[in-house]
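Here's the structure, in structure tokens; my notes come after.
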Amino acid sequence: MAKPGDALLFSVVRRDHRPWLLLLNAAVATTGGLLIPSALADAVDMALGGTFVLFTLLWLLGMAATEIIGDAIGIVLAASITSRATAWLRHRLSRHLLALGHPSPFAAGDAVSRVTGDCGNAGGIVVTLISLAIAAASSVGSVVALALMDWRLAAVFVVSVPLAMFLVRTHMQLTADDVLAYQEVSGDVSARLLDAVSGKRTIAAAGIAGREADRVLQPLPRLAAAGAGMWRTQAKMMWRAGLLLPAVEVVVLITAGFGVMEGRLSPGDVLAALGYAALGMGIVGQIPQLTALERTRASASRIAEVLDTPPPDRAAPVAPESGAIELRGAGVTGVLHDVNLTIPAGAFTAVVGSSGAGKSTLAAVLGGLSAVDSGEVLRDGEVGYAFERPALLGRTIGRSIGYGTVAGEAEVRDAAVAAQVHDVLIRLPQGYDTPVAEAPLSGGEVQRIGLARAIVRDPALLVLDDATASLDTVTEAKVDAALTTALPGRTRVVVTHRAATAARADLVVWLENGRVRGTGTHQELWENEDYRAVFTGGE
Amino acid sequence: MRFYLSTLAGHRRGVLILLGWSVLEGVPAFFGGRLVGTAVDKGFAAGDPRSGVLWLLAFAALAVAGALGQRQVFARLGAVVEPMRDALVTRIVQGVLDDPTHRRTPDASAVAMITRHVEVVRDATAGVLVQARALLVTTVAALIGLATTAAALIWLVVLPIVASLVLFALLLPSLAKRQRDAVIADERTAEASGAVLTGLRDVAACKAAEEAFADIATEVNRQAKATVTVAWANSLRATVIALGGFTPVVLLVAFAPPLVASGQLTTGAVLAAVVYLTNNVNPALHGLARTTSTVVMRLMVALKRLQEVAPRTNKKIGTEVPSNGEVVLRDVTFGWSQDAEPVLRDLSLTLRPGDHLAVVGPSGIGKSTMASLLTGLMPPDLGRVLFGGAPVDLVVPEVRHHAIALIPQETYLFTGTVRENLTLLAPWATDDELLEAVKKVGAKPILDRLGGLNATLGHAGEGLSAGEAQLLALARVHVTSASIVILDEATSHLDPAAEARVERVFAQRDGILVVIAHRLSSALRANRVLVMDGGKPLLGTHEDLLRTSPLYGQLMLAWDPTHHEETPLPKR
């Protein structure tokens, strides 16, 4: 049955001529490989005849060389095709995910696994297809070769393989219980370790690392027991699989032996029969490849699902005045409903409301971070965003501030000073050049770096989405003062939980269940009991 | 790596049993070629089909014995691999928990990575044991079989095989390097796409789709290139092994005719020799090539990564005994690296029993570092931290841990009963003492809600709010007999009233109390305040500092207006 990803896989295969090269190379190498057992049989018969025939030996050498060189080329060609296809898919997929923007219809972890895992699987399509085809051709070729020597050999082989597989097949799957138990216990150890590392300072300060390690490791005996069970099951599987090839070999050998006795076959042909039996069994080893093909198709469908999602239209009509914003009947399905709002240029606006009221969504549509489903947003000029939990992008801390801009070292530094984080950054192991992943930063420090990132853009509109929530009050006040100095007269929209912040704002937008419940100053709204509950009730 | 090998050596007996069964597994390789040769020579070719069939049935019986041997090998694998995994996990967990620096704390994804790498080591060890052992047993058995049937030609066979193995070994280091590069490129691709895709909101906010795409594309392209580089090395390796496997066959048939003609070699011997080479030696050699390229490299990379998360620390065990309860800091300086600005500079301070010190300053300025130095978790770069006259990090560990207690902002609660959690630092404490401590810090309602001391807690204090977890951690320390207590933002999730209560309760205990303040109100309750703001630290009483330090005055002023809705300043 066709899957949505099949068309994508087809376009991967048809990207360039390399798959044809691989197929040609594999065909040549396989032909060489198929001729080796008969060439070997001739060479052995020659040796047994006691006379040296150069041509027989050269023929054997030629076939062997064809196979060996073909294999060597095949390895590089296959890797090159797979890696190019994978990279091509990853480029397309990540570009499209970026175009889909925020909020993405695909969860972050899921998107990452599509880019890393699924693209890798789907990129292997050419090699999987060709190796399946070659294995099939090689098995058919072996049966033909057996038939050419003696039809009885081919008949015996064709009958014995399914029979042997049937005998071996029973109980071929791992007992699910041990696997499940193993995963569960392993998860328990991880959870315990996570508990302990979260309390690492307590443990280190109290000098109880040894005791707590024992606590983490308490489930280990159960893990070992489950593991041993898995090995025992695997032993059973190996035992049955290990019988398959010899069983077929013996049947073919006996048939070949009678052929020798009756003069139809030479002693060398016995070896050839043995060789072809092994080659013919190759298709059995390819059965997992069928699973791989299914996995490839499933992965391709997951990639196609993303590529088939159209990116939203984010173009916003221009507002009459730089820095001012107007919302006309703006709505986001399920979150915001019919919001009409005008925020004058240069105003300090606070957005308040209890959790789930739609504050962050309003902040996102105000600055064009995400699109509205209905109505329109009028706006002009550069927008700077800072968040409660910013994700730091780019390789170094310095770059994470200038991310997406051409800001130089000096601008980055100035922004960090304004965001009250410069003092922290110069104390990092490599200062501004510290890689993001290695920087020991607290939540409040990351928040301030996020602020610096917004400041460095010199925006006409600054949107702070709870961006100072983790700061102690001293630092918050300093940041506030510094923002006013660094970006004087800019429009500022602040999503906040703190009444003190709302009190400082020129205008407060009070949201409830995705609708504007009220606008005005903090003092005006404070009269309302429901408004007061926003700050006191939830805490 | 050395640890890994020594662990394996520790299970020598298991490995030996494994090798014992391997001998059985090698039996078909030893007799197989000869039996096939004899079946043709003495049976079918001699016109005696019955003996031919019997010889082949013997061949089949041996194959069954070999499969049985293989079965035993797998069944016994658990006895080697599982204890090895246990030892590895134990060492890593101990290493992770023993690392005293508080900035490198593995998060959930790091813990997941540890689990993944441990599994790789387990699987790869099993893989190596199966493959390398099979190669050894099969090749040796086949070569001995060959030597006993066609002794005249043995050197023609052995020399190419040995030559190819030597060449293969010489190629290994470069192959290993390329493989490692490829694994790292793989990880980088995952990291780069992970960073961008988990930060899509931020990419959009920065209008940085182009730079984000470039970040991913760079790593994707690098990874693709690394894969092809590995393929070249693999291709060379496969060729070397294929040549080593096939050359003996060619040499054998080329040199056999005169020997057959002169009667030195029988038909059976020639057939046996070819069967040995094509059926046993060749597959084993290819298996070796496959194993080394993938499994061994995965094993090495995983071991290296694991070593990075759990480095062996060579800590000196202290022997000094403090002579009194005083803590003295003398010109203490500490920084995270040579080039970085020091976190602490020239800090001098004396704390006597009964002292109550508050440390205030913006977040990230080094207050927690000071707590770590006071606790003796780390030695200072310059200057001295003395406890009762002895450098605190060199005090006998039992004495130090008994006397000094640190409560960090992030609480440690583990799955177990509430009692187990509360007696973590004072295993001797009675239920009455525990209840007393719980009551004093104000955690009684939580204990009642949970269902008393016998109630069980889930992972990571599941079902408790951050503030409730902090109260339990505070009760846990209150019940100890520590004479120096350091609260490092340990009340950050409590409301101001609960915080004040906790600080008062701890101040009433004998000894020294150091409060790294989350809110400035903590400074008003202390009898001395240390102000850290990046420059030289300032020390004094609240009133002194208000008079003498403009910085402290500013801090108090900046703090005050934002706190309308919280508890008013406590009166002193």
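Line by line, the protein sequences are chains A and B.
Heads up: the first sequence runs through residues 10 to 548, numbered per our numbering.
Heads up: the second sequence runs through residues -19 to 552, numbered per our numbering.
All C-beta atoms in this analysis are idealised placements derived from N, C-alpha and C, irrespective of residue type, glycine included.
Being a predicted model, the structure only gives us computed values, none of them experimental.
What in chain B is Cβ-close to residue i, meaning under 7 Å?
i: residue 75 of chain A; result: The premise fails here: residue 75 of chain A is roughly 12 Å from chain B at the closest Cβ pair, so nothing lies under 7 Å.
i: residue 243 of chain A; result: 54
i: residue 125 of chain A; result: 169, 170 and 173
i: residue 18 of chain A; result: Correct list: empty, because the minimum Cβ distance to chain B is about 18 Å.
Excluding the 5 residues preceding and the 5 following residue i in the sequence, name in chain order all residues of the same chain whose CB lies nearer than 8 Å to its CB.
i: residue 402 of chain B; result: 409, 414, 417, 418, 433, 452, 455, 456 and 459
i: residue 152 of chain B; result: 272
i: residue 320 of chain A; result: 105, 108, 109 and 110
i: residue 231 of chain A; result: 190 and 194
i: residue 203 of chain B; result: 162, 165, 166, 168 and 169
i: residue 251 of chain B; result: 13, 16, 17, 20 and 21
i: residue 377 of chain B; result: 297 and 298
i: residue 42 of chain B; result: 7, 8, 11, 12 and 15
Who are the Cβ neighbours of residue i in its own chain at under 7 Å, not counting the five residues just before and after it?
i: residue 552 of chain B; result: Its pLDDT being 37, under 50, residue 552 of chain B is placed unreliably by the model, and nothing is read from it.
Inspect the beta-carbon positions of residue i and residue j and report whether they are closer than 8 Å.
i: residue 355 of chain A; j: residue 498 of chain A; result: yes
i: residue 312 of chain B; j: residue 327 of chain B; result: yes
i: residue 111 of chain B; j: residue 268 of chain B; result: yes
i: residue 331 of chain B; j: residue 324 of chain B; result: no
i: residue 395 of chain B; j: residue 353 of chain B; result: no
i: residue 54 of chain B; j: residue 133 of chain B; result: no
So does residue i have its beta carbon nearer than 7 Å to some heavy atom of the ligand NAP?
i: residue -5 of chain B; result: Although the ligand NAP was asked about, the structure shown includes no ligands whatsoever.
Identify the contact partners of residue i in chain A, using a Cβ-Cβ distance below 8 Å as the criterion.
i: residue 74 of chain B; result: 218, 219 and 222
i: residue 565 of chain B; result: Any answer about residue 565 of chain B is impossible in this case: the structure gives chain B only from -19 up to 552.
Is it buried or exposed, residue i, if we count other Cβ atoms within 10 angstroms and call 16 or more buried?
i: residue 532 of chain A; result: exposed
i: residue 496 of chain B; result: buried
i: residue 210 of chain A; result: buried
i: residue 217 of chain B; result: buried
i: residue 35 of chain B; result: buried
i: residue 64 of chain A; result: exposed
i: residue 296 of chain A; result: exposed
i: residue 160 of chain A; result: exposed
i: residue 19 of chain A; result: exposed
i: residue 423 of chain B; result: buried
i: residue 175 of chain A; result: exposed
Below 8 Å on C-beta distance, what does residue i contact in chain B?
i: residue 530 of chain A; result: Those do not exist, as residue 530 of chain A stays about 15 Å from chain B at its closest Cβ, beyond 8 Å.
i: residue 61 of chain A; result: 234, 237 and 238
i: residue 266 of chain A; result: 19, 20, 23, 24, 29, 32, 33 and 36
Can you name the residues of chain A whose CB is closer than 9 Å to the CB of residue i?
i: residue 197 of chain B; result: 96, 99, 100, 103 and 104
i: residue 381 of chain B; result: 214, 215, 216 and 217
i: residue 215 of chain B; result: 80, 81, 82, 83, 84, 85 and 88
Could you give the C-beta distance for residue i and residue j, rounded to a whole number, given that I count them as a contact under 8 Å?
i: residue 412 of chain A; j: residue 188 of chain B; result: 5 Å
i: residue 56 of chain B; j: residue -6 of chain B; result: 7 Å
i: residue 468 of chain B; j: residue 393 of chain B; result: With a Cβ gap of about 17 Å, residue 468 of chain B and residue 393 of chain B do not count as contacting.
i: residue 228 of chain B; j: residue 136 of chain B; result: 6 Å
i: residue 117 of chain B; j: residue 242 of chain B; result: Contact doesn't hold; Cβ gap of about 34 Å is too wide.
i: residue 206 of chain B; j: residue 172 of chain B; result: No, residue 206 of chain B and residue 172 of chain B are not in contact; Cβ-Cβ is about 14 Å, not under 8 Å.
i: residue 85 of chain A; j: residue 211 of chain B; result: 5 Å
i: residue 488 of chain A; j: residue 477 of chain A; result: 6 Å
Output needed for residue i: all residues of its chain with C-beta closer than 6 Å, excluding positions within five of it in sequence on either side, in chain order.
i: residue 482 of chain B; result: 421, 454 and 471
i: residue 32 of chain B; result: 19, 23 and 24
i: residue 24 of chain A; result: none
i: residue 44 of chain A; result: 72
i: residue -1 of chain B; result: none
i: residue 192 of chain B; result: 176 and 183
i: residue 256 of chain A; result: 173
Determine the chain B residues that contact residue i at a beta-carbon separation under 9 Å, and present them in chain order.
i: residue 539 of chain A; result: The contacting residues do not exist; residue 539 of chain A stays about 17 Å from chain B at best.
i: residue 423 of chain A; result: Per Cβ cutoff of 9 Å: no residues; residue 423 of chain A is ~17 Å from chain B at best.
Against residue i, what residues of chain A qualify as contacts under a CB-to-CB distance less than 7 Å, listed in chain order?
i: residue -16 of chain B; result: Near residue -16 of chain B there are no residues of chain A at all, since even the closest Cβ is about 17 Å away, more than 7 Å.
i: residue 490 of chain B; result: Chain A residues near residue 490 of chain B: none, gap ~20 Å exceeds 7 Å.
For residue i, return the contacting residues in chain E, with the cut-off set at a CB-CB distance below 8 Å.
i: residue 72 of chain A; result: Here the protein chains are A and B, and chain E is not one of them.
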